[in-house]
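Inspection log for the structure reproduced underneath, given as structure tokens.
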Amino acid sequence: MLIMKKIKIKFVISVLLFITAFVFGAESFSSYGLDFFLGISPIREMLLFMSIVFLYQIIVRIRWFGEINLMRRLQFLGLGLIIIWLWTIISGSNVFFSKVMQKEITPILIRSLSDLFAIITVFCFLFLVIAMLVLLKELIFIQQRKNTERNYKILIFLLFLVIFSSVWMEELLPERISSWDGSPIDPLGPILYTLLFLFFFINGLRCKWIHYLNKSQKLLILLVGSFLIPVIIISIIDITPIFQHYGRVIGSSVKFISLFFGTYISMSLIGILFQLPSAGIMDRRMKDLKLLKNLSASIGSVLDIDELLAKSADLTKNIINADFILMEIKENGQYHIQGWHGINKKKAEDIPPEFFFKIRRELEYNENSIFINDFSRDQRVKAITYKGMSIGSMLASFITLKNEKLGVLYAFSKEKFAFMEDSLGIFCSVADQVAVSLKNLELFNITLEQQVYKEELRVAHEAQMRLLPHKLLPGKEIEIEGMTSTANEVGGDLYDYYLVGDNRLDIVIGDVSGKGAFAAFNMAELKGVIQALAPHLKSPKEILSETNEFIRRNFKPDMFTTMIYAIYLFKEREFRFVRAGHPPLCHLKKKGINWLEPKGLGLGLTEKEKFNNALAEDKILLAAGEAVFFHTDGIEEARNQQEEEFGEELLTETLKGIDVINTDARRIIEQVFNRVDSFITGTSVHDDMSMVLLKIK
Amino acid sequence: MSEFEVKRKDIDDISILYLKGYLDAHTASDFESALDTLVCEERVRIIVNLSELVYISSAGLGVFMGFIEDIRKKNGDIKMAEPSKKVMRVFELLGFQVLYQIFENEQEAVEKYNTSKK
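Just so you know, the sequences run in chain order R and V. Residue numbering for the first sequence is 0 to 696, as defined by this note's numbering. Residue numbering for the second sequence is 928 to 1045, as defined by this note's numbering.
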């Protein structure tokens, strides 16, 4: 907003300066005998010069067109030039304007309204000319390089220098350049002149905007430009004398800016002329790239293989201008036709596989792509025939991604020489695109499967968590706590404890062989079985015996389970237990610990009789303040970074170090867990780990 | 963690498999194929020498369980020989000694087969 204000102020100043200039005439100086200034008014020229400088500054600042729209700019430029041209024509004829324009008002002051009107008209004309210059500047700055700005600034500097100098250097005015009237020729003039034209030329080279035009646009500009430019330039030169009378500054401004136009536009036209032969190819390249971009956009996100192939074939046909397209996809080492366009499915399937096999062989000899202009004559495919279709030319390429062959893309045309010389390049790019999309599709499907699998695991994990026992009612004379830490989302450990009647607490801890989902399901099943059995049976041994039978019947022989089942009777303080192949339990007493390891055998390994013989049930009494610790072998097997096992010794040591009387069940478990956890710090691998702690209060 | 090797030696109709390294879920399949080969060749008088076995997991134990019933049906057996202290402890806890004959040296196991040849 501040800038707008500045611009407005400058504009007003510029206008005022301009008008004020005409207050001064040459007469005021002639009395000083300054012949040099005869015919002009220095003050006027100075004021005019300043006005024009301000005007230029304003016009340069204004952003005429928001974003680059090349054609609009060129159109405005053309329009501006036409207006200028019309103006010059009108000025040359006998119309009101011309009278005004030709009116000799130097060295006279503004005497009437028509004079003022004339001055304002000239001002507007100057405005337009400078606006055209600024437009030209924008064209020059398209794709600007590091010297562009510098060269342009020098040009403007020289331009204004020349305009300024023209006040007293008459040689600078073209119509005088050839007149030798004896007056001394100032060498500065020609030097300045040469420099100026040098920079006209340098800036004239900056016509990168030509590249953005398509062929027809180039032709149009060439035509219009070639006609318009000479006409305009000549017209301007014609009416320059009129401007001269208003002030040399104005005259030379118009003159030199127009000369710059002429130079720049002529050089641009020559540039276009040179580029015309290749214009067609450029256009086609642009079109190809656009189609290729569309291809990647539209097939990149297709998730159905058939749709992907159909779309690819369709787009390929458009890009290459083939009669029909075929696509083979490689599956399990075999190639099958899976995509087609421009031909119906039946016909595509009728083509014998040997046809494609031979072409594929040729492809391998030819670095994976091949371009045949005349199918009947080309040596490479002479031996390959198929009567069912007439083939004139062919493009074929393996669809490869990182040296992996995913398939083959074929484009056929009935005519010979149907494809352009450079079509193979774009055809291979299409094949590459298809390769990427096929791979993406494959990866997407794999990811999808993994996602589904992960989700299933998550559901299983939640289900398993729900199977773990919740807190027992407080108030009983015991505390019981458990925890489990699984290797994967789900594991094969189980523990459970529940009240059976008023006087009995059952505790079970077990370890199903195997990891992951399978073990977890087995575990869940077992849990259900045990919970169903328990209320009906009195002894741990009976319960596990039945469990053994269940596993024998329902699990595979290589899946076995270890388990401890214990029953605690509150009133009697009697603790009975069996150990089916499971790591021993630990009796934590006031002073010291005692590992309990009755003889036993894993579940599911042998039949009933042998199992019952191998399993010994034991019984102890528990006193207040004592605890029993159950665990699974994940604890002993936990490894640290040096690959050492936690082992039985460390576990014994840990348990010995617990002040069992004064620590509650939760805390005891935590202590053991922390000990193991710090042991395995730095590693991530571990087995399932579970612990249960029964504390007698 | 997956260094494991199985070597085989045949003495008459007895085959001895020497297990070396770690027998866990990753390496169990190697042991499995070795046993499978023996069963296919009808060589069911098997001794497994565990002197160089460092570690055995439930997956490894599962391999034995997977074959034993079939082998015993064919009048064969799998006898264990020379387990390390650690491996023996695993067997003890699980109660393997109830299911398999475990010998302190290989020769005893061979003798056992020879005496029961009748």
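Note that beta-carbon positions come from the ideal geometry of N, C-alpha and C, so glycine has one too. Only a predicted model underlies this, so the values are computations on that prediction, with no experimental measurement involved.
Residue of the options minimising C-alpha distance to residue i
i              : options                        : result
F520 (chain R) : R:E476, R:V253, R:F554         : R:F554
S297 (chain R) : R:V429, R:L187, R:I269         : R:V429
G387 (chain R) : R:I542, R:I342, R:S368         : R:I342
L314 (chain R) : R:A410, R:A637, R:D282, R:M558 : R:A410
I506 (chain R) : R:L195, R:N612, R:Y564, R:S484 : R:Y564
E327 (chain R) : R:T399, R:E571, R:P41, R:Q640  : R:T399
Q333 (chain R) : R:W339, R:E353, R:N320, R:I318 : R:E353
G261 (chain R) : R:F196, R:L525, R:E455         : R:F196
P240 (chain R) : R:K254, R:I231, R:P229         : R:K254
N331 (chain R) : R:M266, R:E348, R:E403         : R:E403
I983 (chain V) : R:I18, R:I695, R:D632          : R:D632
D687 (chain R) : R:I508, R:E608, R:L227         : R:I508
I209 (chain R) : R:M266, R:K696, R:G188         : R:M266
E930 (chain V) : V:I943, V:T954, V:A986         : V:T954
Secondary structure of residue i, DSSP reduced to three states
i              : result
D510 (chain R) : strand
Q143 (chain R) : coil
T384 (chain R) : coil
C967 (chain V) : helix
S252 (chain R) : helix
H340 (chain R) : strand
L568 (chain R) : strand
V435 (chain R) : helix
K329 (chain R) : strand
F21 (chain R)  : coil
L405 (chain R) : strand
H244 (chain R) : helix
D34 (chain R)  : Reliability of the predicted coordinates at D34 (chain R) is poor, the pLDDT of 46 falling under 50, and the value obtained from them is presented with this limitation in mind. In the structure shown, D34 (chain R) sits in a helix (DSSP, three-state: H, G or I).
E606 (chain R) : coil
T193 (chain R) : helix
I974 (chain V) : strand
A347 (chain R) : helix
V499 (chain R) : strand
G989 (chain V) : helix
F260 (chain R) : helix
DSSP beta-bridge partners of residue i
i              : result
F323 (chain R) : R:F411
D937 (chain V) : V:S942
A626 (chain R) : R:L587, R:K694
G702 (chain R) : No statement about residue 702 (chain R) is possible, as the shown extent of chain R runs from 0 to 696 and does not include it.
C-beta neighbour in chain V for residue i, strict 7 Å
i              : result
G601 (chain R) : yes
P539 (chain R) : no
A613 (chain R) : yes
P556 (chain R) : yes
P473 (chain R) : Legend: pLDDT at P473 (chain R) = 49, less than 50; position of this residue unreliable, value from coordinates given subsequently. Output row for P473 (chain R): interface = no.
G580 (chain R) : yes
S512 (chain R) : yes
Chain R contact for residue i (CB, 7 Å cutoff)
i               : result
G1022 (chain V) : yes
V975 (chain V)  : no
V1025 (chain V) : yes
G1003 (chain V) : no
S985 (chain V)  : yes
G948 (chain V)  : no
M1007 (chain V) : no
M992 (chain V)  : yes
Residue-level contact to chain C via CB, residue i, 7 Å cutoff
i             : result
L73 (chain R) : Chain labels in this structure do not include chain C; the protein chains are R and V.
Is the stretch 635-655 of chain R touching the stretch 669-688 of chain R, taking contact as three or more C-beta pairs under 8 Å?
yes
Could you check whether the stretch 972-986 of chain V touches the stretch 1004-1012 of chain V, counting it as contact only if at least three pairs of C-beta atoms, one from each stretch, sit closer than 8 Å?
yes
For the stretch 129-143 of chain R and the stretch 68-82 of chain R, state whether three or more C-beta atom pairs, one from each stretch, are separated by less than 8 Å.
yes
Taking contact to mean at least 3 C-beta pairs separated by less than 8 Å, is the stretch 278-296 of chain R in contact with the stretch 369-378 of chain R?
no
Stretch pair the stretch 614-628 of chain R + the stretch 579-598 of chain R: three plus CB contacts closer than 8 Å:
yes
Evaluate the contact criterion for the stretch 303-323 of chain R versus the stretch 266-275 of chain R: three or more CB pairs, one atom per stretch, below 8 Å.
no
Given 8 Å, three or more beta-carbon pairs between the stretch 938-956 of chain V and the stretch 591-599 of chain R
no
For the stretch 148-168 of chain R against the stretch 197-206 of chain R, do three or more pairs of beta-carbon atoms, one drawn from each stretch, fall closer than 8 Å, so that the two count as touching?
yes
Specify whether the stretch 1034-1045 of chain V and the stretch 607-616 of chain R touch according to this definition: at least 3 beta carbon pairs, one from each stretch, less than 8 Å apart.
no
Give a yes or no on contact between the stretch 1020-1029 of chain V and the stretch 986-997 of chain V, applying the rule of three or more CB pairs nearer than 8 Å.
yes
Do the stretch 963-971 of chain V and the stretch 1009-1019 of chain V meet, that is, are 3 or more Cβ pairs less than 8 Å apart?
no
Specify whether the stretch 47-63 of chain R and the stretch 121-130 of chain R touch according to this definition: at least 3 beta carbon pairs, one from each stretch, less than 8 Å apart.
yes
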